[in-house]
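Novice:
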Amino acid sequence: IMLLTDPEVESSLLISSDEGATYQKYRLNFYIHSLLFHPKQEDWILAYSQDQKLFSSVEFGRRWLLLHEGVAPNRFYWSMMGSGREPDLVHLEAKTVDGHAQYITCKMQNCSEATRSKPFPGYIDHNSLIVQDDYVFVQLTSGGRPHYYVSYRRNAFAQMKLPKYSLPKDMHVISTDENQVFAAVQEWNQNDTYNLYISDTRGVYFTLALENVKSSQGLEGNVMIDLYEVAGIKGMFLANKKIDNQVKTFITYNKGRDWSLLQAPDTDLRGNPIHCLLPYCSLHLHLKVSENPYTSGNIASRDTAPSIIVASGNIGTELSENDISMFVSSDAGNTWRQIFEEEHSVLYLDQGGVLVAMKHTSLPIRHLWLSFDEGRSWSKYSFTSLPLFVDGVLGEPGEETLIMTVFGHFSHRSEWQLVKVDYKSIFDRRCAEEDYRPWQLHSQGEACIMGAKRIYMKRKSEKKCMQGKYAGAMTSEPCVCTEADFDCDYGYERHSNGQCLPAFWYNPSSLSKDCSLGQSYLNSTGYRKVVSNNCTDGVRERYTAKPQQCPGKAPQGLRIITSDGKLTAEQGHNVSFLVQLEEGDLQRSLIQVDFGDGIAVSYANLSSTEDGIKHIYQNVGIFRVAVLVENSLGSDNAVLYLHVTCPLEHVHLSLPFITTKNKEVNATAVLWPSQVGTLTYVWWFGNNTEPLITLEGSISFTFSVEGMNTITVQVSAGNIILQDTKTIAVYEQFQSLRLSFSPNLDDYNPDIPEWRKDISRVVKRALVEATDISSKHILVAVLPGLPTSAELFILPYKDATGENRRIASDLEKISETLITKLNQNLVHFELKPGVRILVHAAHLSAAPLVDLTPSHSGSAMLMLLSVVFVGLAVFVIYKFKRKIPGLNIYAQMQNEKDQEMVSPVSQRESIPNIPQSELMSPEQLVDEKLEVQPIEQPQATVQNPRKGNATKVVWTEDFPKACGSARGFKPRPGAEVFPQLLSPRAQKKSLPM
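The structure is reproduced here in structure tokens:
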């Protein structure tokens, strides 16, 4: 005996080994939620804790061992195989670290990572594992549709095959008796009904047994199907079917092959005739079974009383919740009698030799009713002197007993009362052989049920003797097989003439599609014998599937899919391709697969590809995978487009710090890794709430409002979405000034965005303190690369009167003030104790970004002509220099590495760490010319000839290739791919062609 203490007080077990005389307490370090005892080993227990841990004990709870964590509630089972092998094996559904569910098996005393087994490949849906008899069921949802898998006798899982267009939304396993699965399936067009399906022996192929069975929801939200399996008679079920919004009760004796309505009683309780003619009127029953072991449901039957069924219901055109009476059948549902006009709880005693009925009521009662003749007559007895509110009735263990216990309370304030009722004194002897008579099971006169005639020995109704233990007195004689012993096979439907013909979606020749030449297969006749049917001879030979030699066929219906059904794969990981044929012999065909990346393989037979054709892609992209299957009779081909991706790790939005009003600005999303596969870009500009969606990582936009504006980009790569947001200043007029710093600042420059942002803030604060200029009119941006430099932007401002200072003289005045302070070394900041950094003016822009004068002056025109002349001269020199061998070598190498070194969005993004050049012109932000040196060493220098400042970029030849990175080259640590503040046209000019 085991007792559990109140978990609110303590977590302990009280165990008695002397039938409750003494108890010993065992404290637990976990709180028990539920217990599962082994069906055969009485000392073996599984305990499920409140924190989803599963424990095992082989000492009746005296010692516990942690079996597994993260176990789903009510999803753990003892091994229940009919062969009885591995009785200590435990089946469970557990949650992985990343939140997925897995089906796991392990020994109850050894469940380490090394000894665990995962019979189902991959993850399963949460709370979907069912282990029942010889079957294991799991569910896996993909593409929004649930798919169901079954393992028979712990063999490999196979997908359960329902009729093609059933498209199930939900499935419940009803029964797995006698090597067959009875399942209720809610299809795509059903809401409150389910269809009943019955399977072959392996539980794979299902055929329809009954449509539109009523369902309801239990108190705990569980689905309840109005289907009842009658105990004691295999293959007998009762079901409530919905027809034109009316619910009617049907009965089957052959596992759903044939269904019929219930014949109503001929007379009522008082002997008055009942005029109820089939099919317009029949008996309808409530089929709910109580989940409480101490109370009865609406219907009851017992294995030891195979012909007796007691249920509540009504007579009429449909099932009703009103006018409920009690009915009994003593011939397995062929005929019924009314026994009470109100609902009663019925208890079976003495193998059904005694039926005890107690009224269902909320009022206290003191009487019960007994029947010794299968409900034909009833006698009233008192079980207590005072009326009792009955809470439940319980029979002693073993249905041969004549003792029952009634528990309840005399008032709502009183404690529980137990009333023990013993009926042994009613009988004066045990039944002898002459007290029994034979009774033959039949269905409306048909004696052959499930291919056999079954005769039971039943006590004569007039004999009042105690039966005792049930001997199972039943004889069986096989019948000759008829068409009624066969159901339609998978893919076939029964027509009005009784014939099973192929459904419109089914091709009978598909049975041979997986068949190899020289082998044989079972060619269906459209019929299959009902599982557990025992008929012999007759039409069995004609209806049984015949073995046939596999025909030689040309390949047809070729498909190539990935093993996980996805069209994406990760770079550097194995991808398994499966080749499938609707018709043809893969084992005797030549299979050629071109992976689309320059690699192709061929196989002479299927044995090499049973586990899939594996391949690893070294690059990202969309690859055309082509397969060709051919034999001497013909060929077929198929194509799959596979997206090979790399996980996106970082997004950097690159754009100018400032731009002019109503002028296009280019924004670019720079990715790491640069090549990750197919991408989608979503852009938000300023206050616009509607995003722009592009497939390119670069976009142009115009701002029409002055001030600070934001640009946000989201990059979607598969199921990864990353975002970056930047701010850009927009003004109609502004000036800029290049800043330089003390050389020692380079020693502390890690060349990362965060550092540059902090230094920009410090420099801006130093300028404000030195000049008393408002911080709203100064923008400082530290540029990437070495030596460290920055750009100072002078913005329009409001004076003390609130007037906008937009004329050129105002901006020039501020510029002169800033340059004066910078030249006097008055602008500085302290980087760290003892390290002082001076800020200098490198030079002012060659021309204002926006011409602020009403008309062009002569000097301005002269300056402009000079700039044009110098530009043409440089262009001629540039064209001449392109013929230098060293530069030709660089251009050639650039073309060879273009795919790896250039980001998917723009070629200019692939140039790392080029420092921002000088001030931009107002219309196109100055075209810069880059002097490029030949690459002869692993270290390259990109130099700005105008200032003589060189930015070094270190390339490393030997390193492990990163996902999506350029092969053979890698920027030095801390380097950042950062586009220059140049227009696309200017940048294109400055790159070698």
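Going by UniProt numbering, the sequence shown wraps up at 993, each residue one higher than the last. Don't be surprised by glycine CBs; every beta carbon is placed ideally from N, CA and C.
Buried or exposed, going by whether 16 or more other CB atoms sit within 10 Å of the CB of Ile-308?
Specialist: Classification for Ile-308: buried.
Novice: What do you get for Leu-477, buried or exposed, if any count of 16 or more other CB atoms within 10 angstroms of its CB means buried?
Specialist: Rather than Leu, the amino acid found at residue 477 in this sequence is Glu. Glu-477 should be labelled exposed.
Novice: Just the C-alpha distance for Val-354 and Phe-372, rounded to the nearest angstrom, thanks.
Specialist: Cα-Cα distance, rounded: 5 Å.
Novice: Considering only residues of the same chain and omitting the five flanking positions on each side of Met-224, which have a CB-CB separation below 6 Å?
Specialist: So the qualifying residues of the chain are Ser-216, Gly-218.
Novice: State the DSSP-derived secondary structure class of Val-839, mapped to helix, strand or coil.
Specialist: DSSP places Val-839 in strand when its eight states are reduced to three.
Novice: With 16 other CB atoms within 10 Å as the buried threshold, where does Val-839 fall?
Specialist: By the 10 Å Cβ count, Val-839 comes out buried.
Novice: Assign Asn-240 to one of two classes, buried (16 or more other C-beta atoms within 10 Å of its C-beta) or exposed (fewer than that).
Specialist: Buried, because 16 or more other Cβ atoms sit within 10 Å of the Cβ of Asn-240.
Novice: Return helix, strand or coil for residue 1015, following the three-state DSSP convention.
Specialist: This structure cannot settle anything about residue 1015, because the visible part of the chain is limited to 1 through 993.
Novice: Quick one: what's got a C-beta closer than 6 Å to Trp-439's C-beta in the same chain, skipping five residues either side?
Specialist: Once the five neighbours on either side are set aside, the close Cβ partners of Trp-439 are Tyr-456, Lys-458.
Novice: Would you list the one or two residues that DSSP bridges to Cys-431?
Specialist: According to DSSP, which records beta bridges pairwise, Cys-431 is partnered with nothing at all.
Novice: In angstroms with no decimal places, state the Cα-to-Cα distance between Arg-85 and Cys-535.
Specialist: So the two alpha carbons sit approximately 31 Å from each other.
Novice: Please determine, among Asp-177, Val-705, Asp-747, the residue with the shortest C-alpha to C-alpha distance to Glu-732.
Specialist: It is Val-705 whose Cα lies nearest to the Cα of Glu-732.
Novice: Assign Tyr-641 to buried or exposed, taking buried as 16 or more other Cβ atoms, counted over all protein chains shown, within 10 Å of its Cβ.
Specialist: Counting Cβ neighbours within 10 Å, Tyr-641 comes out exposed, since fewer than 16 surround it.
Novice: Would you list, in sequence order, the uninterrupted alpha helix (DSSP H) runs of no fewer than 4 residues that lie entirely inside the region 423-469?
Specialist: If we require 4 residues or more, the region 423-469 turns out to have no alpha helix (DSSP H) run fully inside it.
Novice: Determine the closest residue to Met-358 out of Thr-384, Ile-274, Cys-550, His-652, with distance taken between C-alpha atoms.
Specialist: Ranking the options by Cα distance to Met-358, first place goes to Thr-384.
Novice: Let's test the definition: count the other Cβ atoms within 10 Å of the Cβ of Pro-750 and tell me whether it reaches 16, buried, or not, exposed.
Specialist: So Pro-750 ends up on the exposed side.
Novice: Rounded to whole angstroms, what is the Cα-Cα separation between Thr-401 and Val-328?
Specialist: Looking at the two C-alpha atoms, the distance is approximately 22 Å.
Novice: Have a look at Lys-764 and Asp-772 and give me their C-alpha separation to the nearest angstrom.
Specialist: Roughly 11 Å separates the two Cα atoms.
Novice: Quick check: what's the CA-CA separation for Ser-312 versus Asn-298?
Specialist: Distance between the alpha carbons of Ser-312 and Asn-298 is about 5 Å.
Novice: Since Leu-261 contacts Pro-279 with CB under 8 Å, what's their CB separation in whole angstroms?
Specialist: Leu-261 to Pro-279, Cβ: 6 Å. Contact.
Novice: Looking at Ala-184 and Leu-196, is the spacing between their C-beta atoms short of 8 Å?
Specialist: Against a cut-off of 8 Å, the Cβ pair of Ala-184 and Leu-196 comes out as a contact.
Novice: Just to confirm before moving on: does the CB-CB distance between Tyr-343 and His-360 stay below 8 Å?
Specialist: As written in the sequence, residue 343 is Glu, which differs from the Tyr given in the question. Against a cut-off of 8 Å, the Cβ pair of His-360 and Glu-343 comes out as a contact.
Novice: Which of the three DSSP states is assigned to Lys-813 in this structure?
Specialist: If DSSP states are grouped into helix, strand and coil, Lys-813 belongs with the helices.
Novice: Our contact map puts His-38 next to Gln-50 with C-beta atoms below 8 Å; I'd like the distance itself, whole angstroms only.
Specialist: Incorrect: roughly 22 Å between the Cβ atoms, too far for contact.
Novice: Taking only the alpha-carbon atoms, compute the straight-line gap between Phe-701 and Trp-684 and give it to the nearest angstrom.
Specialist: Each residue's alpha carbon lies about 10 Å from the other.
Novice: Looking at C-alpha atoms only, which residue of Phe-250, Gly-538, Val-670, Phe-595 is the closest neighbour of Val-214?
Specialist: Reading off the sequence shown, one finds Lys at residue 214, where the question assumed Val. The residue with the shortest Cα to Cα distance from Lys-214 is Phe-250.
Novice: Report the three-state DSSP secondary structure of Trp-78 (helix, strand or coil).
Specialist: Three-state DSSP puts Trp-78 in a strand.
Novice: At a cut of 8 Å, does the region 704-720 reach the region 633-640 through at least three beta carbon pairs?
Specialist: No: the two stretches stay apart, fewer than three of their Cβ pairs being nearer than 8 Å.
Novice: Is it buried or exposed, Tyr-253, if we count other Cβ atoms within 10 angstroms and call 16 or more buried?
Specialist: Looking at its Cβ environment, which holds 16 or more other Cβ atoms inside 10 Å, Tyr-253 is buried.
Novice: Residue range of the alpha helix (DSSP H) that Lys-757 falls in?
Specialist: Start and end: 753-771.
Novice: What are the boundary residues of the alpha helix (DSSP H) that Glu-211 is part of?
Specialist: Here Glu-211 belongs to no alpha helix (DSSP H); instead the beta strand (DSSP E) covers 206-217.
Novice: Using only the alpha-carbon positions, how far apart do Phe-55 and Met-108 sit?
Specialist: Those two C-alpha atoms are separated by around 9 Å.
Novice: In the structure shown, what three-state DSSP assignment does His-409 receive?
Specialist: The answer is strand: DSSP assigns His-409 an E or B state.
Novice: For Cys-646 and Ile-622, I'd like the C-alpha separation in whole angstroms.
Specialist: Rounded to whole angstroms, Cys-646 to Ile-622 spans 12 Å at the Cα level.
Novice: By Cβ distance below 6 Å, which residues in the same chain neighbour Thr-788 in space, the five residues on each side in sequence not counted?
Specialist: Closer than 6 Å at the Cβ level, and outside the excluded window around Thr-788, lie Phe-741, Leu-745, Asp-746, Asn-749.
Novice: Buried or exposed: which applies to Thr-267, given that a residue is buried once 16 or more other Cβ atoms fall within 10 Å of its Cβ?
Specialist: Thr-267 comes out exposed.
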